[in-house]
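Heads up: the sequence lines are chains A and B, in that order. Heads up: the first sequence begins at -12 in this note's numbering, then just goes up one per residue. Heads up: the second sequence begins at -12 in this note's numbering, then just goes up one per residue. To start, the structure under review is shown below, and the notes come after it.
2 protein chains.
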Amino acid sequence: MPESWVNSAERTGSDLHLELPAGGSRRAAVSAALRDAVRSGRLTPGTRLPPYRSLAADLGLARNTVADAYAELVAEGWLTARQGSGTRVAGRAAVPAGTARTTGAATAAAGPAGPGRTMGEAGPPVRHDLRQGSPDASSFPRTAWLASARRALNAAPHSAYGPGDPRGRIELRTALAAYLARARGVHTSPEHIVICSGFAHALRLLFGDRVLRGPLAVESYGLGFHRSLLEAAGTPTVPLALDQDGARTEELADRPGVRAVLLTPAHQFPTGGPLHARRRAAVVDWARARGALVLEDDYDGEFRYDREPVGAVQGLDPDHVLYCGSVSKSLSPAVRLGWMVLPPHLVGAVLAAKGEREAWASVLDQLTLADFIASGAYDRHVRRMRQRYRRRRDRLVTALAAHAPHLVPTGIAAGLHAVLRLPPGTEASAVRAAGRRGIALDGLAAFRHPAATMPAPDGLVVGYATPPDHAYGPALEALCAALRPAGGR
Amino acid sequence: MPESWVNSAERTGSDLHLELPAGGSRRAAVSAALRDAVRSGRLTPGTRLPPYRSLAADLGLARNTVADAYAELVAEGWLTARQGSGTRVAGRAAVPAGTARTTGAATAAAGPAGPGRTMGEAGPPVRHDLRQGSPDASSFPRTAWLASARRALNAAPHSAYGPGDPRGRIELRTALAAYLARARGVHTSPEHIVICSGFAHALRLLFGDRVLRGPLAVESYGLGFHRSLLEAAGTPTVPLALDQDGARTEELADRPGVRAVLLTPAHQFPTGGPLHARRRAAVVDWARARGALVLEDDYDGEFRYDREPVGAVQGLDPDHVLYCGSVSKSLSPAVRLGWMVLPPHLVGAVLAAKGEREAWASVLDQLTLADFIASGAYDRHVRRMRQRYRRRRDRLVTALAAHAPHLVPTGIAAGLHAVLRLPPGTEASAVRAAGRRGIALDGLAAFRHPAATMPAPDGLVVGYATPPDHAYGPALEALCAALRPAGGR
Chain A
-12 MPESWVNSAE
-2 RTGSDLHLEL
8 PAGGSRRAAV
18 SAALRDAVRS
28 GRLTPGTRLP
38 PYRSLAADLG
48 LARNTVADAY
58 AELVAEGWLT
68 ARQGSGTRVA
78 GRAAVPAGTA
88 RTTGAATAAA
98 GPAGPGRTMG
108 EAGPPVRHDL
118 RQGSPDASSF
128 PRTAWLASAR
138 RALNAAPHSA
148 YGPGDPRGRI
158 ELRTALAAYL
168 ARARGVHTSP
178 EHIVICSGFA
188 HALRLLFGDR
198 VLRGPLAVES
208 YGLGFHRSLL
218 EAAGTPTVPL
228 ALDQDGARTE
238 ELADRPGVRA
248 VLLTPAHQFP
258 TGGPLHARRR
268 AAVVDWARAR
278 GALVLEDDYD
288 GEFRYDREPV
298 GAVQGLDPDH
308 VLYCGSVSKS
318 LSPAVRLGWM
328 VLPPHLVGAV
338 LAAKGEREAW
348 ASVLDQLTLA
358 DFIASGAYDR
368 HVRRMRQRYR
378 RRRDRLVTAL
388 AAHAPHLVPT
398 GIAAGLHAVL
408 RLPPGTEASA
418 VRAAGRRGIA
428 LDGLAAFRHP
438 AATMPAPDGL
448 VVGYATPPDH
458 AYGPALEALC
468 AALRPAGGR
Chain B
-12 MPESWVNSAE
-2 RTGSDLHLEL
8 PAGGSRRAAV
18 SAALRDAVRS
28 GRLTPGTRLP
38 PYRSLAADLG
48 LARNTVADAY
58 AELVAEGWLT
68 ARQGSGTRVA
78 GRAAVPAGTA
88 RTTGAATAAA
98 GPAGPGRTMG
108 EAGPPVRHDL
118 RQGSPDASSF
128 PRTAWLASAR
138 RALNAAPHSA
148 YGPGDPRGRI
158 ELRTALAAYL
168 ARARGVHTSP
178 EHIVICSGFA
188 HALRLLFGDR
198 VLRGPLAVES
208 YGLGFHRSLL
218 EAAGTPTVPL
228 ALDQDGARTE
238 ELADRPGVRA
248 VLLTPAHQFP
258 TGGPLHARRR
268 AAVVDWARAR
278 GALVLEDDYD
288 GEFRYDREPV
298 GAVQGLDPDH
308 VLYCGSVSKS
318 LSPAVRLGWM
328 VLPPHLVGAV
338 LAAKGEREAW
348 ASVLDQLTLA
358 DFIASGAYDR
368 HVRRMRQRYR
378 RRRDRLVTAL
388 AAHAPHLVPT
398 GIAAGLHAVL
408 RLPPGTEASA
418 VRAAGRRGIA
428 LDGLAAFRHP
438 AATMPAPDGL
448 VVGYATPPDH
458 AYGPALEALC
468 AALRPAGGR
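Given below as structure tokens:
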């Protein structure tokens, strides 16, 4: 490119060399080349462009093509055209050269490893992912899902492709009401279900939009992500202690300002036990007496291995329990769908918070999931995954018994993770030892409420669902090597 | 009816006497009686309703029946519900009689009739939907979409079914960067694009999560939904006047506290013109000089009928313009996907607001849309719809010329709606006349910023995209009959 005409407002005509890519619209190519030239500083403000006829002749293009490109760039503000003064580069301050592309890009790209997840310091890259929270992504039932999508999208009325009902598709709410009654003992009807993008979305709607007001009692161990979300929404959280029967709901009596409590009754997250039946009844009594609400997070209720699943607390009192579930553990977090089963008096407020149209949850996925559930494919998938995860859990228990018998896995009757209790004071070093062997996992400390006053047991939270089957054995071997009694060094 | 509790915010309980007609749904009867009480002024704003249990006992009805009626009326905006404060009559001036088609259950299901949408009073049910905002739902390309879904879901790596990258799938961001450059003159790269659920989600992330801070300058006419969303997020909005060249960006100079402006440069919503090239350049200059930001809402940029599309302002300065788009107009609002093209320095803050994992946008839809764009199916669909909507616009113009020649359609070079300018003082009666013929549409007043100081022209906003093809002719006939010069009475 000739440098000569840069910064020279009056150099024009044949000085302007444009290189056009082959193929595609010629007009678009001329426009793009001119934009690049302005952006890069080759064409500076005030520079007069050659008459379109000349440039067209230079480029071997039709005159109209170049005239159209000029007109387009004038309309977009890159160029100005004045009668008698020709077409010029718009007279504004210099465009920053090479607008940014180079900066900031990789910073936040890391994705899944974020706040609330501790990892071994300065260890090798993650080879074995034993963090809790995700199902085996390699097991997503692509074929069955696509079959449901084909049936559902073809069968849907035209209106399904218009603005959505913020309650969610009736097909999905109907399928869910039946499924949740059968599988989780939830007592509801389609008009009291509101679809959302998952539990985080539910928390935002309920607290961010002031359907409910804090302070909110929570379990002393839980997801830091949820706590920060609540704090960002201006909702203080108050920790309840945990013991072998789950959250100590009796502590609610000492918290007169608390009108809502968030619990994981089927499988306390992350410590792993169910909430004792006595406490299930007690917390419902508390809610009734106080006009308060129990928020039930049933995040992995389908996965119970040794007996029948523990039913939802919601069934005890649908007027005082708000039940939340999603497909993030049972199917995939890539399907961004969850549901709130609401006490009737809250339906209106939640819908008001959600907005006049569905603005969040994919209607196409909703239709597909409705078919997936109603056709029985969801049950089949859950059953298959339950067997797979149970085998993995059994392998974990066996391997630890053989290679690290001092560590007792707990919370293993259900869910997609176990907690390995450790001798006091050894958790941090165990996480580091695992990290040195390329194992990503969290210690219990990562889940502790900052204001918790209960004793802080040492333990590792081992997610056994995430690796694909072929990678699970090597991950277990590495874990046992890291934790063997002599220490992981 | 006892007058005693009128105007008494704290009189509740058994004071509320409702007379229910015999027969029919009890819930509907309760809802109707409550609406009547509010409409007639017997129940005044702020009045607290009795607990639904009490009212149910009084009326001899099941509790859920009354709870459902309350929920329905909250969803419709007649009542408000907050935990701890009970259910109250919504605190606004008289509720427009006959809001949204009288039947409660259908209302929430129908969706689009909500805040900011005026409709004819006491008219017959909606037979012709000429409200702006939605594409023709009957034209969704089901077959092509399913073909893309099959290819994309089968080709995706296993990890696509795990926790998602909050930026959005790289396949989609790559396809979008190329498409937006080609079709809209947007200058970006995949790492500066963040996927979201649509423009409302973008506003929530940007302002609700304090990536940007208000006050935000907006156009004097726009979507009330966006204004309320911003207000709920604590962001005051400041209206800019509009003239024949679009938003008067020069007014920004008089607003030293304003550091961001929201514009619809390609097609002002709803008045319909493009932002003049001089102002496009000027607003970018303002943003540079002030270290401020232009938020570009390119909601229907693909639909321009008489010449080449007007490119995005973003191309002028990718460091100072945040470009937003979605598939809601071009494809379907049922695909809840949109995108932010970010100045590089904002990428980190937006990702921090979005959270460590993708919690909103369906990864399956993202994969499918990426294939849909990359395979050319998106271009084909947009081309087909552009032709269809242009024909509809032409039919509208022809019909008005023949039957209501005093009304001049404006803003018709682009988009999915036209504005029919009306003689001063006639807008409200024209909306009512249309309502009496079963036509749902809005007057310009429904879109006016409450603090706007510019003159308030009278006009009807006629959406011509929503009805299916077979229903469009009858809708036009009804519109012309309602607006013919003799008046619609």
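The beta carbon of each residue, even a glycine, is placed where N, CA and C say it ideally should be.
Quick one: Cα of Pro392(A) to Cα of Leu227(A), how far?
-> The residue labelled residue 392(A) in the question sits at position 405 within the first sequence. The residue labelled residue 227(A) in the question sits at position 240 within the first sequence. The alpha-carbon atoms of Pro392(A) and Leu227(A) are separated by roughly 32 Å.
Distance between Ala279(A) and Ser72(B) (C-alpha atoms, nearest Å) | For the purposes of this step, residue 72(B) is taken as the residue at position 85 of the second sequence. For the purposes of this step, residue 279(A) is taken as the residue at position 292 of the first sequence. So the two alpha carbons sit approximately 12 Å from each other.
Would Phe212(B) count as contacting chain A if we go by Cβ distances under 8 Å?
-> Here residue 212(B) corresponds to residue number 225 of the second sequence, with the count starting at 1. The beta-carbon of Phe212(B) is placed less than 8 Å from the nearest beta-carbon of chain A.
For the putative contact between Gly172(A) and Gly298(A), defined by C-beta atoms under 8 Å, what is the C-beta separation to the nearest angstrom?
-> Walking along the first sequence from the start, residue 172(A) turns up at place 185. Walking along the first sequence from the start, residue 298(A) turns up at place 311. Gly172(A) to Gly298(A), Cβ: 3 Å. Contact.
In its own chain, which residues sit with a C-beta less than 7 Å from the C-beta of Ala139(A), not counting the 5 before and 5 after it?
-> Counting from 1 along the first sequence, the entry for residue 139(A) is found at position 152. Closer than 7 Å at Cβ, skipping near neighbours: Leu354, Thr355, Ala357, Asp358.
Whose C-beta lies closer than 8 Å to the C-beta of Gly460(A) among residues of the same chain, with five residues either side of it excluded?
-> As a position in the first sequence, residue 460(A) is number 473, starting the count at 1. Taken in chain order, the residues that qualify are Arg382.
Checking contacts by CB at 8 Å: is Thr89(B) closer than that to chain A?
-> To locate residue 89(B), count along the second sequence from 1; it is residue 102. With a pLDDT of 27 at Thr89(B), under the threshold of 50, the modelled position of that residue is not reliable, and no figure is offered here.
Of all the CB atoms in chain A, is at least one closer than 8 Å to the CB of Trp347(B)?
-> Taking the first residue of the second sequence as position 1, residue 347(B) is located at position 360. By this cut-off, Trp347(B) is an interface position.
Which residue comes first and which comes last in the alpha helix (DSSP H) that contains Pro461(A)?
-> Taking the first residue of the first sequence as position 1, residue 461(A) is located at position 474. Element bounds for Pro461(A): 456 to 470.
Should Leu140(B) be flagged as near chain A, meaning a C-beta pair shorter than 8 Å?
-> Translated into positions along the second sequence, residue 140(B) becomes position 153. Using beta-carbon distances, Leu140(B) counts as an interface residue toward chain A, with a partner under 8 Å.
Is the beta carbon of Tyr376(B) sitting closer than 8 Å to the one on Phe290(B)?
-> Looking up residue 376(B) in the second sequence gives position 389. Looking up residue 290(B) in the second sequence gives position 303. Yes, they are a contact pair.
With DSSP run on the structure shown, which of helix, strand or coil describes Pro320(A)?
-> As a working note, residue 320(A) is residue 333 in the first sequence. DSSP places Pro320(A) in coil when its eight states are reduced to three.
Contact set for Asp306(A): own chain, Cβ-Cβ below 6 Å, skip 5 residues either direction = Residue mapping note: residue 306(A) aligns to position 319 of the first sequence, counting from 1. Take Asp306(A), set aside five residues on each side of it, and the residues of its chain with a beta-carbon closer than 6 Å to its own are Pro330, in chain order.
Beta-carbon contacts of Ala487(A) that lie in its chain and below 6 Å, excluding the five residues immediately before and after | For residue 487(A) there is no data in the structure shown, the boundaries of chain A being -12 and 476.
Within this structure, are the beta carbons of Arg323(A) and Trp132(B) separated by less than 8 Å?
-> The residue given as residue 323(A) occupies position 336 in the first sequence. The residue given as residue 132(B) occupies position 145 in the second sequence. No, the Cβ-Cβ distance between Arg323(A) and Trp132(B) is not below 8 Å.
Any contact of the region 20 to 40 of chain A with the region 49 to 63 of chain A, i.e. 3+ C-beta pairs under 8 Å?
-> Because the criterion of three Cβ pairs below 8 Å is met, the region 20 to 40 of chain A and the region 49 to 63 of chain A touch.
Whether Arg267(B) touches Leu303(B) by CB criterion (8 Å) = Looking up residue 267(B) in the second sequence gives position 280. Looking up residue 303(B) in the second sequence gives position 316. It is a contact, given that the beta carbons lie within the stated cut-off.
Under 8 Å between C-beta atoms, does Glu63(A) make it to chain B?
-> Reading the first sequence from its first residue, position 76 is the one you call residue 63(A). Closer than 8 Å to the CB of Glu63(A) there is at least one CB belonging to chain B.
Of all the CB atoms in chain A, is at least one closer than 8 Å to the CB of Pro202(B)?
-> Looking up residue 202(B) in the second sequence gives position 215. By this cut-off, Pro202(B) is not an interface position.
Expected contact under 8 Å - CB spacing of Ala164(A) and Thr175(A) to nearest Å | For the purposes of this step, residue 164(A) is identified with residue 177 of the first sequence, where counting begins at 1. For the purposes of this step, residue 175(A) is identified with residue 188 of the first sequence, where counting begins at 1. The pair is a contact, with the Cβ atoms about 6 Å apart (cut-off 8 Å).
Kindly confirm or deny that the region 439 to 459 of chain B and the region 401 to 418 of chain B touch, where touching means at least three C-beta pairs closer than 8 Å.
-> Taking 8 Å as the limit for Cβ pairs, the verdict is that the region 401 to 418 of chain B does touch the region 439 to 459 of chain B.
Do we get a CB-CB distance below 8 Å when we pair Tyr477(B) with the residues of chain A?
-> This structure leaves residue 477(B) out entirely; chain B is present only between -12 and 476.
Could one say the Cβ of Glu283(A) lies closer than 8 Å to chain B's Cβ atoms, at least one of them?
-> Numbered from 1 along the first sequence, position 296 holds the residue referred to as residue 283(A). No - not a single Cβ of chain B is within 8 Å of the one on Glu283(A).
What residues in its chain sit with their C-beta under 8 Å from that of Met372(B), if we drop five residues either side in the sequence?
-> Your numbering for residue 372(B) matches position 385 in the second sequence. For Met372(B), same chain residues with a beta-carbon under 8 Å away, outside a window of 5 residues either side, are Pro122, Asp123, Ser126, Phe290, Ser317 in chain order.
So, helix, strand or coil for Trp(-8)(B), using DSSP?
-> For the purposes of this step, residue -8(B) is taken as the residue at position 5 of the second sequence. Legend: pLDDT at Trp(-8)(B) = 27, less than 50; position of this residue unreliable, value from coordinates given subsequently. Note: Trp(-8)(B) maps to coil in three-state DSSP.
For the candidate residues Cys467(A), Ala19(A), Tyr365(A), Pro153(A), whose alpha-carbon lies nearest to that of Ala134(A)?
-> Translated into the one-based positions of the first sequence, residue 134(A) becomes position 147. Ranked by Cα distance from Ala134(A), the options Cys467(A), Ala19(A), Tyr365(A), Pro153(A) are led by Tyr365(A).
Contact set for Ala93(A): own chain, Cβ-Cβ below 8 Å, skip 5 residues either direction = For the purposes of this step, residue 93(A) is identified with residue 106 of the first sequence, where counting begins at 1. Its pLDDT being 28, under 50, Ala93(A) is placed unreliably in this model, and the value from its coordinates should be taken loosely. Exclusion of the five residues before and after Ala93(A) leaves no residue of its chain whose Cβ lies closer than 8 Å to its Cβ.
Using a C-beta cutoff of 8 Å, does Phe127(B) count as contacting chain A?
-> Taking the first residue of the second sequence as position 1, residue 127(B) is located at position 140. So, interface residue.
Ignore the nearest five residues each way along the sequence and tell me which others in Leu36(A)'s own chain have a CB closer than 6 Å to its CB.
-> By one-based count along the first sequence, residue 36(A) stands at place 49. In chain order, Thr74 place their CB closer than 6 Å to the CB of Leu36(A), counting only its own chain and leaving out the 5 sequence neighbours on each side.
What distance in whole Å lies between the Cβ atoms of His179(B) and Val76(B), which are believed to be in contact at a cut-off of 8 Å?
-> As a position in the second sequence, residue 76(B) is number 89, starting the count at 1. As a position in the second sequence, residue 179(B) is number 192, starting the count at 1. About 48 Å separates the two Cβ atoms, so there is no contact after all.
Whole-angstrom distance between Val369(B) and Pro243(A), CA atom to CA atom | Taking the first residue of the first sequence as 1, we reach residue 243(A) at position 256. Taking the first residue of the second sequence as 1, we reach residue 369(B) at position 382. If I take the Cα positions, the gap works out to 58 Å.
State buried or exposed for Asp456(B), treating a residue as buried only when at least 16 other CB atoms are found within 10 Å of its CB.
-> The residue you call residue 456(B) lines up with position 469 of the second sequence. Asp456(B) is exposed by the Cβ-count criterion.
Should the region 430 to 439 of chain B be regarded as contacting the region 144 to 153 of chain B, the criterion being three or more beta carbon pairs within less than 8 Å?
-> With the cut-off at 8 Å, the region 430 to 439 of chain B and the region 144 to 153 of chain B do not touch.
By how many angstroms is the C-alpha of Leu217(A) removed from the C-alpha of Val181(A)?
-> Taking the first residue of the first sequence as 1, we reach residue 181(A) at position 194. Taking the first residue of the first sequence as 1, we reach residue 217(A) at position 230. It is roughly 20 Å from the alpha-carbon of Val181(A) to the alpha-carbon of Leu217(A).
With 16 other Cβ atoms within 10 Å as the buried cut-off, status of Gln301(B) = Residue mapping note: residue 301(B) aligns to position 314 of the second sequence, counting from 1. Residue environment analysis places Gln301(B) among the buried positions, since at least 16 neighbouring C-beta atoms fall within 10 angstroms of its C-beta.
Can you tell me the Cα-Cα spacing of Gly233(B) and Val418(A), whole angstroms?
-> Residue mapping note: residue 233(B) aligns to position 246 of the second sequence, counting from 1. Residue mapping note: residue 418(A) aligns to position 431 of the first sequence, counting from 1. The alpha-carbon separation between Gly233(B) and Val418(A) amounts to approximately 60 Å.
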